[in-house]
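Engineer: Residue numbers (this note's numbering): 2 to 354.
One structure, as structure tokens, below. Some questions next.
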């Protein structure tokens, strides 16, 4: 009995220390669970049926949706895996590529103009220096040039196209990144996204129409004015609340397709009047490839393939919107190459010819 009493007293003496350790461990476990719950809450991805109605756009994408994220959570999801990750990164990288191309083109054009200025300066200083200098510049910069008459045409139509493309790609990136924040912001960003597509289509007409019809201002401004008006009308229509519904997806695609097809008239006109030019076949091929990329992308976007064939299998990548983004970038880059050809061609052709 005495020994039992001593054991009881000893265990009683140890209780405060054990309680402190136990409390500490319990507190640590609670904190850890709280952190885990916060992480799960922050990156909790939903299935399609659990989404708010305004985020339900593609019933064939079944999982990995974001909803009700804060701005911080939405931004951090840029580096997380969900069903918008590929959409975000394709157009973000596309925007950065076009930004680099714009800077590169500015530098190249500046060097080209500097070379021409140097040749013109040398012509006034010494005899027989202009022709060798000009030939060297032509060899370095424009190996396809056959006409010795060189002019500095305006560059703004080219950079209008580049600016429109960058706006479209950046607006798309922001839209796909932050539509998970709230309904008002999602609706606004989707309108800006659709408007960006219309702006990109409209501005893509500026380089070919301006440079090809530079010697016939009536046609030049008629075509540019028409596509500009169509672009404004498209933006106004796309900002209408009714056009945000998923059921109007075919209408939006039809609107974009109509803007693109409207370019056939000036395209045929340009080919008929310039068929004898060496670069005609090359530029037509570029523009045909561009149109093919855009048309294929639009078809895939509307039909929703391949995810309609295997719902849920393409949630994280490879679905129609991913393919649409990639084809848009491919088409825009092809048109960039064609726009450079138009610009260089006009630099070497005087209207008197």
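A virtual CB, placed ideally from N, CA and C, is assigned to each residue, including glycine.
1. Quick check for students: name the residue ranges of the alpha helix (DSSP H) that lie wholly in the stretch 205-288, counting only runs of 4 or more.
2. For a quick check, are the C-beta atoms of residue 99 and residue 201 less than 7 Å apart?
3. Just to confirm the assignment, what range does the alpha helix (DSSP H) spanning residue 345 have?
4. So, residue 223 versus residue 210, is the Cβ gap smaller than 7 Å?
5. Taking the Cβ atom as the reference point for each residue, do residue 208 and residue 289 lie within a distance shorter than 7 Å?
6. Ignore the nearest five residues each way along the sequence and tell me which others in residue 357's own chain have a CB closer than 6 Å to its CB.
7. Measuring alpha carbon to alpha carbon, tell me which of 333, 275, 256, 320 ends up nearest residue 86.
8. Helix, strand or coil: which one does DSSP assign to residue 195?
9. Can you round the beta-carbon distance between residue 293 and residue 325 to whole angstroms, since I take them to be within the 8 Å contact cut?
10. In whole angstroms, what separates the C-alpha of residue 311 from that of residue 247?
11. When the Cα atoms are used, what is the spatial distance from residue 264 to residue 229?
12. Report the rounded CA-to-CA distance for residue 350 versus residue 155, giving the unit in angstroms.
13. Starting from residue 1, trace the alpha helix (DSSP H) both ways and give me its first and last residue.
14. Does residue 158 pass the burial test, meaning 16 or more other C-beta atoms within 10 Å, or should it be called exposed?
15. Starting from the C-beta of residue 337, find all residues in its chain whose C-beta is less than 7 Å away, skip the five residues before and the five after it, and write them out in chain order.
16. Would you call the CB atoms of residue 204 and residue 165 closer than 7 Å?
17. Whole angstroms are fine: how far does the CA of residue 322 sit from the CA of residue 170?
18. Within 10 angstroms of the Cβ of residue 316, are there 16 or more other Cβ atoms? Answer buried if so, exposed if not.
19. Taking the alpha carbon of residue 94 as the point to measure from, which residue in 220, 327, 67 has its own alpha carbon closest?
20. Does the beta-carbon of residue 84 have 16 or more other beta-carbons within 10 angstroms, so that it is buried, or is it exposed?
21. Please report how far the alpha carbon of residue 195 lies from the alpha carbon of residue 181, in whole angstroms.
22. Report all residues from its chain with a CB closer than 7 Å to the CB of residue 65; omit the five preceding and five following residues, and keep chain order.
23. Please return the same chain residues whose Cβ sits closer than 8 Å to the Cβ of residue 184, not counting the five positions on each side in sequence.
24. Would residue 267 be called buried (16 or more neighbouring beta carbons within 10 Å of its own) or exposed?
25. On a CA-only basis, which of 61, 81, 236, 104 is nearest residue 1? Give me that one, please.
26. By how many angstroms is the C-alpha of residue 160 removed from the C-alpha of residue 108?
27. On the DSSP bridge list, what partners appear for residue 66?
28. Verify whether the separation of the beta carbon atoms of residue 75 and residue 179 is less than 7 Å.
29. Quick check: the Cα distance between residue 91 and residue 197, rounded to an integer number of angstroms?
30. To the nearest angstrom, how far is the alpha carbon of residue 111 from that of residue 236?
31. Do you know offhand how far residue 173's Cα is from residue 314's?
32. Taking its Cβ as the centre, do 16 or more other Cβ atoms sit within 10 Å of residue 24, making it buried, or is it exposed?
33. If we ignore side chains and look at the alpha-carbon of each, how far apart do residue 260 and residue 242 end up?
Structural biologist: Taking the structure as given:
1. 207-213, 218-239, 250-262, 265-275
2. no
3. Per DSSP, residue 345 belongs to the alpha helix (DSSP H) from 321-348.
4. Cβ atoms of residue 223 and residue 210: not closer than 7 Å.
5. no
6. For residue 357 there is no data in the structure shown, the boundaries of the chain being 2 and 354.
7. 320
8. Secondary structure of residue 195 (DSSP, three-state): helix.
9. Incorrect: roughly 14 Å between the Cβ atoms, too far for contact.
10. 20 Å
11. 12 Å
12. 13 Å
13. Shown here, the chain extends from 2 to 354; a query on residue 1 therefore has no answer.
14. buried
15. 102
16. yes
17. Looking at the backbone, the Cα of residue 170 and that of residue 322 are separated by about 14 Å.
18. buried
19. In this structure, 327 is the residue among 220, 327, 67 with its C-alpha nearest to the C-alpha of residue 94.
20. buried
21. 17 Å
22. 46, 83, 84, 316, 317
23. Closer than 8 Å at the Cβ level, and outside the excluded window around residue 184, lie 53, 55.
24. buried
25. Lying before the first or after the last residue shown, residue 1 is absent from the chain, which here runs from 2 to 354.
26. Rounded to whole angstroms, residue 108 to residue 160 spans 13 Å at the Cα level.
27. 47
28. yes
29. 16 Å
30. 34 Å
31. 24 Å
32. exposed
33. 21 Å
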